[in-house]
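Asks: Per this note's numbering, the sequence shown runs over residues 0 to 408. Glycine included, every Cβ here is placed at the ideal spot set by N, Cα and C.
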Amino acid sequence: MQKINCDVCIVGAGAAGIAVASSLLKRQPKLKITIVDPSQTHAYQPGWTLVGAGIFTPQQTIRKMHKVIPKGVIWIQQSALKFNAEENTLILDNQDSVEYRALVVAPGLKLDFDAIEGLSETLGKHGVTSNYRFDLAPYTWKLVQQLKRGTALFTQPPMPIKCAGAPQKALYLSSDWWQQQGLQTSINVSFHNAGGALFGVPAYVPALMDTVNDYDINLQLNSQLVKVDGASQTATFNLIKDGAVVGQESIVFDMLHVCPPQTAHDFMHGQPIVDAAGWVDVKPDTLQNPYYHNVFGLGDGANTPNAKTAAAVRMQAPVVALNVISHLAQQPLTASYDGYGSCPLTVSRNKIVLAEFGYGGKLLPSFPKWLLDGTRPTRRAWWLKTKVLPSIYWNVMLKGREWLTNPYK
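1) Considering only residues of the same chain and omitting the five flanking positions on each side of serine 38, which have a CB-CB separation below 7 Å?
2) Less than 7 Å between C-beta atoms, sequence neighbours within five positions excluded: which residues of the same chain meet that for alanine 328?
3) Does DSSP put asparagine 405 in a helix, a strand or coil?
4) Buried or exposed: which applies to glutamate 116, given that a residue is buried once 16 or more other Cβ atoms fall within 10 Å of its Cβ?
5) Report yes if the C-beta distance between arginine 378 and alanine 206 is below 8 Å; otherwise report no.
6) Sorted by chain position, which residues of the same chain lie with C-beta nearer than 6 Å to aspartate 92's C-beta, five sequence neighbours on each side aside?
7) Can you list, in chain order, the residues of its chain whose CB lies under 7 Å from that of serine 21, leaving out five sequence neighbours each side?
8) Alanine 18 to valine 103, Cα distance in whole Å?
9) Can you give me the C-alpha to C-alpha distance between alanine 310 and cysteine 342, rounded to a whole angstrom?
10) Less than 8 Å between the beta carbons of leucine 89 and valine 7, yes or no?
11) Hey, out of Pro157, Leu30, His326 and Gly16, whose CA is closest to cysteine 5's CA?
12) Can you pull the DSSP bridge partners for isoleucine 351?
13) Of all the options Arg26, Lys109, Lys147 and Gln1, which has the alpha carbon lying nearest to the alpha carbon of histidine 268?
14) Using C-beta distances below 7 Å, list every residue in its chain close to alanine 42, excluding the 5 sequence neighbours before and after it, in chain order.
15) Using the Cβ count rule (16 or more neighbours within 10 Å means buried), how would you classify arginine 313?
16) Is the segment 121-133 in contact with the segment 226-234, if contact means three or more CB pairs nearer than 8 Å?
17) Classify lysine 161 as buried or exposed, calling it buried when 16 or more other Cβ atoms lie within 10 Å of its own Cβ.
18) Closest to tryptophan 382 by C-alpha separation, out of Pro406, Leu344, Ala320 and Leu362, would be which residue?
19) What residues match up with serine 189 in a beta bridge as DSSP calls it?
20) Note the first and the last residue of the continuous alpha helix (DSSP H) segment covering valine 328.
21) Please name the residue, chosen from Tyr131, Met158 and Lys2, that lies closest to threonine 33 on a Cα-to-Cα basis.
22) Return helix, strand or coil for lysine 70, following the three-state DSSP convention.
23) With glycine 427 as the anchor, note down where its beta strand (DSSP E) starts and where it stops.
24) If we count Cβ pairs, one from each stretch, closer than 8 Å, do we get three or more for the segment 296-310 versus the segment 271-284?
25) With respect to the alpha helix (DSSP H) encompassing lysine 168, which residues constitute its N-terminal and C-terminal limits?
26) Would DSSP call leucine 89 helix, strand or coil?
27) On the DSSP letters alone, give me the boundaries of the beta strand (DSSP E) that alanine 412 sits inside.
28) Could you tell me whether the Cβ atoms of alanine 151 and phenylalanine 55 are closer together than 8 Å?
29) Out of Asp111, Pro57, Arg348 and Ala320, which one is the CA nearest neighbour of threonine 210?
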């Protein structure tokens, strides 16, 4: 067994982990930083929706992990196994240990396809797909192009999920394509949302409802996918009222796009740094663990009540970096996160509703309304999503360049 020592140990080399490492090194280049993650590739996951619409290629969304790990950071290609927070030690799956002065936990979340009966074994065939998986997004686009008539179902599970708008993005981009091909009256499109509202922030609902009506989409709220029979192409939904199941409905489909239920990773459950559901327990403003003050968390795996998006990580990363440095210097924490998240809702193949909001649904637009009104579909937001944001992700956010961020709110 090997023992590794560092100033800061980061668990997870997704958007959150890489961004924090870069932000730390930007401020203190001599920090000894270790990143723990077994993955060989790093994905720009917001691009998978566009892969599923034939707008991006899969290759545009993936890079080799060693190319995004910041120079000077030690990359341990193992999985985290046990957090010995009292001893400031992380045990890896090969039984090596990492001793740290500060720990940043950004493990992401688990896509729980197995939570829906029959789903895992039929994904990628029988017309069943999901843009939430890199290998399936091209299948989504194939199905969209092949479908000329019949029934297309799109689903959204109960919250929390990463990028709560992603199920709708697949819905609208597919519907727009069918409309352009003159197939709108030949394809019956339904959106089954386990929640009771189309979108959680009311200011954006009118524009989205207009989109639903324009595409003649059958909106089914309080309808949760619970079973898929691929061979018979049948989806079964629980019908919910006041939080209780009041019935079931089975629908025969030709295409089914599924957003899976999402939970904390299995290895996080029962760890001393998590809450009862397995999410990294942090204060919503400082992103510091309330019990172990040298532990910080961010990204999809944290229990902050914000939208789980890459845009949220872009704002969280400098907050964590600054507060880690303050903690190491035994100084008060001064950086604060306001819950900012952004969801560019692709309502067509050239327009987007740019939802930007923080804790409590407070609107937090990045641009003045005369330049870009996020509550209505605009071409400028489409240009931002498809041309600007990917470059900002790879060349700004992951490099520790903190444009349009304010960690001192």
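Replies: Put simply:
1) Counted from its first residue, the sequence shown places residue 38 at position 39. Taking serine 38 as the centre and dropping the five residues before and after it, the same chain places the C-beta of Ala12 and Met64 closer than 7 Å to its C-beta, in chain order.
2) As a working note, residue 328 is residue 329 in the sequence shown. No residues qualify anywhere along the chain.
3) Looking up residue 405 in the sequence shown gives position 406. Coil, per DSSP.
4) What you label residue 116 is simply residue 117 of the sequence shown in a count that begins at 1. Glutamate 116 comes out exposed.
5) For the purposes of this step, residue 378 is identified with residue 379 of the sequence shown, where counting begins at 1. For the purposes of this step, residue 206 is identified with residue 207 of the sequence shown, where counting begins at 1. No. Outside cutoff.
6) On the sequence shown, position 93 is the one that residue 92 refers to. Counting only Cβ-Cβ distances below 6 Å, and skipping sequence neighbours, we find Gln77, Ser78 and Leu80.
7) Translated into the one-based positions of the sequence shown, residue 21 becomes position 22. The answer, listed in chain order, is Pro69, Leu397, Lys398 and Gly399.
8) Here the question's residue 18 lines up with position 19 in the sequence shown. Here the question's residue 103 lines up with position 104 in the sequence shown. Each residue's CA atom was taken as its position, placing alanine 18 and valine 103 some 11 Å apart.
9) In the sequence shown, counting from the first residue as 1, residue 310 sits at position 311. In the sequence shown, counting from the first residue as 1, residue 342 sits at position 343. Taking the Cα positions, alanine 310 is about 8 Å away from cysteine 342.
10) Position 90 of the sequence shown, counted from the first residue, corresponds to residue 89. Position 8 of the sequence shown, counted from the first residue, corresponds to residue 7. For leucine 89 and valine 7, no; Cβs fall outside 8 Å.
11) Sequence index remark: in the sequence shown, residue 5 carries index 6 (1-based). Cα-wise, what sits closest to cysteine 5 is Leu30.
12) The residue you call residue 351 lines up with position 352 of the sequence shown. Beta-bridge pairing links isoleucine 351 to Thr345 and Thr377.
13) Within the sequence shown, residue 268 is the residue found at index 269, counting from 1. Closest option to histidine 268, Cα to Cα, is Lys109.
14) The sequence position of residue 42 within the sequence shown is 43, counting from 1. Here the set comprises Thr60, Ile61 and Phe133.
15) As a working note, residue 313 is residue 314 in the sequence shown. By the neighbour-count rule (16 or more Cβ atoms within 10 Å), arginine 313 is buried.
16) Yes, the segment 121-133 is in contact with the segment 226-234.
17) Here the question's residue 161 lines up with position 162 in the sequence shown. Lysine 161 should be labelled buried.
18) For the purposes of this step, residue 382 is taken as residue 383 along the sequence shown, with counting starting at 1. Nearest C-alpha to tryptophan 382: Leu344.
19) For the purposes of this step, residue 189 is taken as the residue at position 190 of the sequence shown. Residue pairing by DSSP places serine 189 opposite Leu152 and Asn217 in a beta bridge.
20) For the purposes of this step, residue 328 is taken as the residue at position 329 of the sequence shown. The question names valine, yet the displayed sequence has alanine at residue 328. For alanine 328, there is no enclosing alpha helix (DSSP H), as DSSP marks it with neither H nor E.
21) Numbered from its first residue, the sequence shown carries residue 33 at position 34. The option with the nearest alpha carbon to threonine 33 is Lys2.
22) As a first step, residue 70 must be located in the sequence shown, where it is residue number 71. It is coil, neither helix nor strand.
23) Since the first residue shown for the chain is 0 and the last is 408, residue 427 is missing from the structure and cannot be characterised.
24) Between the segment 296-310 and the segment 271-284, the count of C-beta pairs closer than 8 Å reaches three or more; the two stretches touch.
25) Within the sequence shown, the letter at position 169 stands for residue 168. Its alpha helix (DSSP H) spans residues 165-179.
26) Position 90 of the sequence shown holds residue 89. Three-state result, leucine 89: strand.
27) Since the first residue shown for the chain is 0 and the last is 408, residue 412 is missing from the structure and cannot be characterised.
28) If you number the sequence shown from 1, residue 151 lands on position 152. If you number the sequence shown from 1, residue 55 lands on position 56. No.
29) In the sequence shown, residue 210 corresponds to position 211, counting from 1. Taking only the C-alpha atoms, the option nearest threonine 210 is Arg348.
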